[in-house]
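Report on one structure; see the data block that follows.
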Amino acid sequence: MDMKSEAMIIIQCLQKWYGDLHVLKGIDVSINKGEVVVICGVSGSGKSTLIRCINGLETFQKGTITIDGISLDTNNRKSVREVRKRVGIVFQNFNLFPHLTAIENITLAPRQVKGLSKVEAEQRAIELLNQMGVSDKTKSYPISLSGGQKQRVAIARSLAMDPMIMLFDEPTSALDPEMIKEVLDAMISLTQKGMTMIVVTHEMGFAKSVANKVIFLDEGVILEEGTPQELFLNPKQERTKEFLRHILT
Amino acid sequence: MTPMYVLLLLKGAVVSLKVCTLGIILGCVLGFFISLMRISKMKILNMLSLIYIELFRDSPLLIQLFLFYYGLPIFFNLQVSAQVVVTIVITLNSSAYIAEIFKSAIGGIMKGQWEASYSLGLSHLKSLRYVILPQAFRIAIPPLISEFVGKLKASSLGSVVGFVEITRLAAMIRSITYSAFDVLGVTAAIYFVMCYGLSRLGSYLEKRLEIKDVNK
Amino acid sequence: MYILQFGQVLKYNYMLLSGLWVTLELSILTMFFSLILGIIIAISRISKNKLLSAFASGYIEFFRNVPLLIIIYIVFYVDIGINFTPFVAGVIALTLNSAAFEAEIIRGGLKAIAKEQIDSAQSLGLSKFQMYRFIIIPYVMRIVWTALGNQAVDIVLGSSVVSVITCMELTYFGMNIAVNKARAIEIFIILLIIYLSLSLSVSLILRIIKRIFLKPSELE
């Protein structure tokens with residue numbers, strides 16, 4: 027019985043420069059199907075950049091990123107397109123389309139990219155809105171939604187394209203404290219459905235309850251990685267200890 | 494300054510309005526394509542559109558009118574009325590300003606909108622069409638209205654090349670009646686009502702298109 | 109096929125030079141006076157005195173909604189006991205017109221200063237004076253300067269309209285040469301180039317001045 031999961035994302039020796047600034051200094055990471063990986067670190071450690079490299083929003087100069095067997099090359103539009111079919115992303119600032127209602131936000135891409143009919147797309151959208159707990163906001167515009175509602179609509183929007191992998195770039199950092207839980211709960215329900223997820227976040231409670239692996243990024247390199255238990259209870263590096271001390275206070 | 498003259502001026506005002514409306518609408522269409530050229534990654538399209546825009550924005554409208562007034566018959570063998578010349582110049586001139594308006598409106602859309610759109614798999618063109626341009630258009634409305642008002646005023650220069658509209662009629666009436674104050678006063682008032690009215694209409698349009706927070 | 113013959117019209121360079129000089133005179137005088145008038149109107153507009161504010165508002169709306177050509181006609185033809193020469197009438201009309209637009213620009217700048225003051229209230233330990241001097245005023249000035257620069261170009265372009273009351277600036281000579289010598293296209297192409305050069309020069313000069321006097325401060 028071969029229980030080994032396939033590696034969905036393989037990152038090797040990834041390096042990125044912003045002009046003269048060396049942002050990512052050699053990242054090696056492998057993520058299996060169904061895994062939930064949390065990336066944490068201080069501001070400027072490169073965690074946002076790393077996650078944005080995975081769906082081609084950022085370019086990288088050295089190394090490779092392979093997603094579901096496809097090698098990502100930001101100069102090759104076809105490879106970027108193929109990767110984006112498989113990878114969904116949720117942004118810190120939601121980036122909902124303000125001129126469209128919630129359901130229109132969700133059905134736009136399925137209709138325009140996948141060619142779904144309006145009826146099919148709306149059906150799926152309503153399902154997802156239900157799942158995310160915002161079914162009463164179907165016809166609302168983003169301006170009328172709270173931060174937590176906006177983010178859940180944003181998650182539904184990405185899910186509508188049936189991605190294999192979901193990236194979350196600090197999904198709760200722009201939210202008022204009372205709304206963080208509803209978004210995290212939505213994300214947890216996703217993990218229970220077996221979604222492969224990479225989450226950049228400071229929410230250690232989330233990491234402890236659902237993460238398979240936690241990666242601590244510092245100044246462009248992976249300083250430490252391990253299960254939540256390993257990292258939180260037994261941090262090996264000084265910087266990791268410092269970081270944990272800082273966020274757990 | 495008899496009612497007959499006032500009526501004449503009003504008729505002239507309607508002519509100005511018609512010509513301007515046509516010119517601006519055509520200018521919007523042309524300006525749209527020029528703005529696409531302006532934001533294109535291809536250097537040559539970029540440069541050509543920049544030259545076009547600077548040509549029309551940095552030279553007097555009066556000179557542009559004269560150039561087309563004399564140039565159309567000479568270069569293109571077209572014997573056209575002053576009204577057509579004015580319409581053409583308004584179209585071309587406003588397209589330059591409108592291209593900049595669109596460019597700035599598109600540029601004003603936050604990067605995150607592009608990123609979200611691309612991440613969902615929408616192509617550049619589809620992103621423009623479904624995400625960026627609808628938002629840009631809303632942003633562009635106030636400056637577009639402003640441009641319309643500007644051209645309505647500028648159309649008065651058409652009188653110099655013989656276009657019979659309100660200003661030309663005013664000049665004619667003035668030379669007959671010698672009562673400059675009356676004629677010009679009424680003319681100024683008519684322009685004021687038209688332009689101010691259009692601005693208010695624009696504000697109303699803006700408010701109507703605004704997506705409001707239902708919770709407030 | 110019509111062949112452009114510039115040779116014929118270059119004979120008139122003395123006229124064009126004379127016209128150019130008048131255009132420059134018109135423009136510079138207007139820029140000077142309209143700025144002063146514009147500042148006065150802007151201050152009146154935001155003054156607490158309701159009468160002053162209303163008057164300024166009316167002034168601005170009037171000149172924003174009535175064409176320059178009509179203003180020029182009014183100044184020149186309406187009998188108020190004084191007879192203005194075409195040149196003087198031109199300066200007056202251009203000044204009155206431009207001042208309205210400049211007043212709005214300046215008023216926008218003043219509002220921005222007031223707003224920035226509120227936003228920077230929880231600032232970096234700078235004294236109020238320092239905050240104004242190093243951050244707020246330079247920032248607002250740069251925006252206002254650019255807008256005023258555009259207005260300056262509009263003044264130069266607007267000077268061409270004064271030709272209709274026989275003020276002998278560039279466009280006036282252009283019209284005359286065109287009518288008398290049937291080389292209209294060449295003359296207007298030359299005028300186009302001259303005006304383009306003027307506009308771009310004005311923009312450039314003002315941009316250079318902006319860079320010299322309004323350098324971004326390191327505190328921003």
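Chains as they are written, first to last, in this note's numbering: chain A, 27 to 275; chain B, 494 to 709; chain C, 109 to 328.
Think of the CB as a built atom: it goes at the ideal place given N, C-alpha and C, for glycine as much as any other residue.
This one's a predicted model, so the numbers in the text were calculated from it and none came from an experiment.
Measure from the C-beta of residue 608/B to each C-beta in chain A and report whether the shortest distance is under 8 Å. Residue mapping note: residue 608/B aligns to position 115 of the second sequence, counting from 1. Under the Cβ distance rule, residue 608/B counts among the residues neighbouring chain A, one pair being separated by less than 8 Å.
Minimum C-alpha distance to residue 178/A - residue among 217/A, 105/A and 157/A: Locating residue 178/A in the first sequence gives position 152, counting from the first residue. Of the listed residues, the one whose Cα sits closest to residue 178/A is 157/A.
Please specify which runs of the alpha helix (DSSP H), each continuous and at least 4 residues long, are wholly inside the segment 155-209 of chain C, giving them in chain order. Taken in chain order, the complete alpha helix (DSSP H) segments of 4 residues or longer contained in the segment 155-209 of chain C are 158-173 and 176-185.
Near residue 199/A, what residues of its chain come up, given a Cβ to Cβ distance below 6 Å and the 5 sequence neighbours on each side ignored? Here residue 199/A is taken as the residue at index 173 of the first sequence, counted from 1. Here the set comprises 118.
Are at least three pairs of beta-carbons, each pair with one atom in the segment 606-626 of chain B and one in the segment 546-558 of chain B, less than 8 Å apart? No, because fewer than three Cβ pairs between the segment 606-626 of chain B and the segment 546-558 of chain B fall closer than 8 Å, the two stretches do not touch.
Starting from the N-terminal side, write out each stretch of the alpha helix (DSSP H) that is 4 residues or longer and does not extend beyond the segment 643-694 of chain B. 659-670
Taking only runs of the alpha helix (DSSP H) that begin and end inside the segment 170-252 of chain A, which ones reach a length of at least 4 residues, in chain order? 173-185, 203-218 and 230-236
What residues in its chain sit with their C-beta under 6 Å from that of residue 244/A, if we drop five residues either side in the sequence? The count along the first sequence starts at 1 and reaches residue 244/A at position 218. The residues 67, 71 and 265, in chain order, have a CB closer than 6 Å to that of residue 244/A in the same chain once the five nearest residues on each side in sequence are set aside.
Output the residue ranges of the alpha helix (DSSP H) runs that lie fully inside the segment 537-622 of chain B and measure 4 residues or longer, sorted by chain position. 554-569, 575-600, 604-612 and 617-620
Tell me whether the beta-carbon of residue 277/C lies closer than 8 Å to the beta-carbon of residue 130/C. Along the third sequence, one-based indexing puts residue 277/C at 169. Along the third sequence, one-based indexing puts residue 130/C at 22. Their beta carbons are under 8 Å apart, which means residue 277/C touches residue 130/C by this criterion.
Going straight from the alpha carbon of residue 615/B to that of residue 625/B, what length do you get? Translated into positions along the second sequence, residue 615/B becomes position 122. Translated into positions along the second sequence, residue 625/B becomes position 132. About 12 Å.
Taking only the alpha-carbon atoms, compute the straight-line gap between residue 252/C and residue 217/C and give it to the nearest angstrom. As a first step, residue 252/C must be located in the third sequence, where it is residue number 144. As a first step, residue 217/C must be located in the third sequence, where it is residue number 109. If I take the Cα positions, the gap works out to 6 Å.
Terminal residues of the continuous alpha helix (DSSP H) containing residue 267/A? The residue labelled residue 267/A in the question sits at position 241 within the first sequence. Its alpha helix (DSSP H) spans residues 264-274.
Can you grab the Cα-Cα spacing for the pair residue 292/C / residue 688/B, in whole Å? Mapped onto the third sequence, residue 292/C falls at position 184. Mapped onto the second sequence, residue 688/B falls at position 195. Spanning the two alpha carbons is a distance of roughly 33 Å.
Continuous alpha helix (DSSP H) assignments of at least 4 residues falling wholly in the segment 114-142 of chain A: 128-138
Is there a Cβ of chain A sitting closer than 8 Å to that of residue 637/B, yes or no? Position 144 of the second sequence, counted from the start, is the residue given in the question as residue 637/B. Chain A, which has no Cβ nearer than 8 Å to the Cβ of residue 637/B, makes this no.
Cβ atoms of residue 650/B and residue 502/B: under 8 Å apart, would you say? Locating residue 502/B in the second sequence gives position 9, counting from the first residue. Locating residue 650/B in the second sequence gives position 157, counting from the first residue. Result no, Cβ atoms of residue 502/B and residue 650/B do not sit closer than 8 Å.
Residues in its own chain within less than 6 Å of residue 123/C by CB, not counting five upstream and five downstream? Indexing the third sequence from 1 puts residue 123/C at position 15. Result list for residue 123/C: 281, in chain order.
Please name the residues in the segment 648-671 of chain B whose beta-carbon is closer than 7 Å to at least one beta-carbon of chain C, in chain order. 649, 650, 653, 660 and 667
Looking at C-alpha atoms only, which residue of 298/C, 294/C and 196/C is the closest neighbour of residue 567/B? As a first step, residue 567/B is located in the second sequence; it is residue number 74 there, counting from the start. Residue 294/C is the option with its Cα nearest to residue 567/B.
Under 8 Å between C-beta atoms, does residue 44/A make it to chain B? Along the first sequence, read from residue 1 onward, the residue named residue 44/A stands at position 18. Residue 44/A does not count as touching chain B.
Nearest to residue 193/A by CA position, among 64/A, 36/A and 40/A, is which residue? Residue 193/A sits at position 167 when you count from the first residue of the first sequence. Closest option to residue 193/A, Cα to Cα, is 64/A.
What distance in whole Å lies between the Cβ atoms of residue 648/B and residue 583/B, which are believed to be in contact at a cut-off of 8 Å? Numbered from 1 along the second sequence, position 90 holds the residue referred to as residue 583/B. Numbered from 1 along the second sequence, position 155 holds the residue referred to as residue 648/B. 7 Å between Cβ atoms; contact.
Alpha-carbon to alpha-carbon, residue 642/B and residue 206/A: Looking up residue 206/A in the first sequence gives position 180. Looking up residue 642/B in the second sequence gives position 149. About 49 Å.
Taking 8 Å as the threshold (C-beta atoms), are residue 166/A and residue 128/A in contact? Here residue 128/A refers to the residue found at position 102 when the first sequence is read from its first residue. Here residue 166/A refers to the residue found at position 140 when the first sequence is read from its first residue. Between residue 128/A and residue 166/A, the C-beta gap is smaller than 8 Å, which places the two residues in contact.
Determine, using beta carbons only, whether residue 178/C and residue 681/B come nearer to each other than 8 Å. Within the third sequence, numbered from 1, the residue matching residue 178/C stands at position 70. Within the second sequence, numbered from 1, the residue matching residue 681/B stands at position 188. Cβ distance < 8 Å, so residue 178/C and residue 681/B count as in contact.
Cβ of residue 553/B less than 8 Å from any chain C Cβ? Reading the second sequence from its first residue, position 60 is the one you call residue 553/B. Closer than 8 Å: yes.
Less than 8 Å between the beta carbons of residue 176/C and residue 269/C, yes or no? Against the third sequence, residue 176/C aligns to sequence position 68. Against the third sequence, residue 269/C aligns to sequence position 161. The answer is yes: Cβ separation under 8 Å.
When DSSP labels each residue in this structure, what does residue 54/A get in the three-state scheme? For the purposes of this step, residue 54/A is taken as residue 28 along the first sequence, with counting starting at 1. Residue state, collapsed to three classes: strand.
Using a Cβ cut-off of 9 Å, pull out every chain B residue sitting near residue 186/C, in sequence order please. Here residue 186/C is taken as the residue at index 78 of the third sequence, counted from 1. Going along chain B in sequence order, the residues near residue 186/C (Cβ under 9 Å) are 673, 674, 677 and 678.
Helix, strand or coil for residue 505/B per DSSP? Position 12 of the second sequence, counting from 1, holds the residue named residue 505/B. Here residue 505/B sits in helix by DSSP.
If we require 3 or more residues per run, which beta strand (DSSP E) segments fall completely within the segment 56-92 of chain A? 62-66
Closer than 8 Å to chain B by CB, residue 105/A: As a position in the first sequence, residue 105/A is number 79, starting the count at 1. False, the Cβ-Cβ gap to chain B never drops below 8 Å.
Taking Cβ-Cβ distances below 7 Å as the criterion, which residues of the segment 272-285 of chain C are in contact with chain B? Those residues of the segment 272-285 of chain C placed with their C-beta closer than 7 Å to a C-beta in chain B are 272 and 279, ordered along the chain.
Span separating the alpha-carbon of residue 273/A from that of residue 543/B: To locate residue 273/A, count along the first sequence from 1; it is residue 247. To locate residue 543/B, count along the second sequence from 1; it is residue 50. Rounded to the nearest angstrom, the two C-alpha atoms are 52 Å apart.
Within 10 angstroms of its Cβ, does residue 587/B collect 16 or more other Cβ (buried), or is it exposed? Within the second sequence, residue 587/B is the residue found at index 94, counting from 1. That one is buried.
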